[in-house]
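As structure tokens, the structure follows; a few thoughts come after it.
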Amino acid sequence: MSHYSPLSCLARSLPHHPPLFPGRPPLVTFLIALWAGLPHFLLCGHRLTRPQRSAIILKIRSLQLRAKAREYSGGAIGLRVSILASGSSGNITLLETERTRLLVDAGLGKRETLARLAAVEKTVERLDGILITHEHTDHCNGLPQMLGLWKAPLYVTEPTLDAMQCILPETFGKRLRGVETIHAGQHFAVGDIDVHAFAIPHDAADPIAFTFRTNGAKLAIVTDLGYMPALAKVHLRGADCLVLESNHDLDMLKVGPYPWVVKQRILSRTGHLSNHAVSEYLSDPDGFDAMARYLVLAHLSEENNNPFTAEISAQEALSRRPAECAFRGELLVASQHVPLQPLEL
Ligand SMILES: [Zn+2]
Ligand SMILES: [Zn+2]
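Residue numbers (my numbering): 10 to 354.
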């Protein structure tokens, strides 16, 4: 039986290995590897059998994986998505890379926004931009306070800006530091995040939705739309994370407390996306490509939907997909009252 000393064993295996602890000096790597083999060395003297050698390599591999896990949780991020609130009483989402921080919509007041940030263990000293999808108050109510807090440039279409100036208090105009007017169809960059704005059908002045690309990750946030236009489906393809409106259950809306005129508005082609419409999209491989690691149902109505109904409806739709294009990601439901756990892409 051949024998190996720990040092010769490590010397033989290390050159054929990928770097065990990338970025560490060779001496540190060697000392860690020696530590992994030390118990065997003490127990067996300097001679090792093949199984003992395999055990050492296994231990080194597990140390390597733990180091990688630490690097992943505490180190570089591609894109982190924190949905702080989602629904008809307020929408706000924080996007972060190593270099850039963006808010998408500002539908909560300062105190509530800071409380939600604290709930996901975030303190935001600096913001690189605030993007507004449309002028409905659940998307821009907190904007004057957010501008006072962070003095960040505002990215908004001109018709939406005009509409907000009519709706929001005077402090909004006074606190505007910089406005970047954008338009549907435009690609632009904020820091290291590439943004694409596209039109969606909704009863606002100039409603838009966004996709974001950075560090090889793609995120889509699409809420407040009466139906899924074919072009929107194209924009959502390839998304690693899709945040999609699933506003109401058709039956709950029909028998619910809203006046008929409001019900008609919600059901219209410029209203909100129903669980049923989401089901049709999710079950169709020509529509939803099922590439997403995270599929988040968002902007749920508190009166005409509930998280369980929306989730079951989406699950049922996903189960109807052919096996070869099954959805293998995680289905989540965003809440009006509690932030969703930050998603890392
Ligand atoms: Zn809304
Ligand atoms: Zn709206």
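Yeah, the Cβ is synthetic: ideal placement off N, Cα and C, and Gly gets one too.
In this model, V113 and E289 are separated by some 27 Å (Cα to Cα).
In this structure, the alpha-carbon of L158 lies about 22 Å from that of R89.
The residue from F297, H308 and G116 with its alpha-carbon nearest to that of A241 is F297. The closest heavy atom of ligand 2 lies 7 Å or more from the beta carbon of H244. Under the three-state reduction of DSSP, I321 is assigned to helix. Inter-residue distance for I202 and T106 is about 8 Å (C-alpha atoms, whole angstroms). For A213, the shortest C-beta to heavy atom distance toward ligand 2 is below 7 Å.
By the neighbour-count criterion, in which a residue is buried when 16 or more other Cβ atoms sit within 10 angstroms of its Cβ, P331 is exposed. Judged by beta-carbon spacing, L341 lies within the 8 Å limit of Y303, meaning their Cβ atoms are closer than that value.
Assignment of T180 by DSSP, reduced to helix, strand and coil, places it in the helix class. R110 sits away from L156, with the two beta carbons spaced by 8 Å or more. Distances from the alpha-carbon of P178 to those of S283, V347, H143 and P153 put P153 closest. Bridge partners of D203 according to DSSP: A198 and R222. By the neighbour-count criterion, in which 16 or more other beta carbons inside 10 Å mark a residue as buried, K160 falls on the exposed side. Relative to ligand 1, H308 has its C-beta within less than 7 Å of a heavy atom.
In this model, M237 and L245 are separated by some 11 Å (Cα to Cα). The Cβ atoms of A319 and L327 lie no closer than 8 Å to each other. CA-CA distance, L234 to I209, rounds to 6 Å.
For H281, the three-state secondary structure derived from DSSP is coil. Taking every protein chain shown into account, the CB of D137 has 16 or more other CB atoms within 10 angstroms, so this residue is buried. Per the coordinates, the alpha-carbon of Q174 lies some 16 Å from the alpha-carbon of P162. According to the DSSP assignment, V129 belongs to no alpha helix (DSSP H), since it is labelled neither H nor E.
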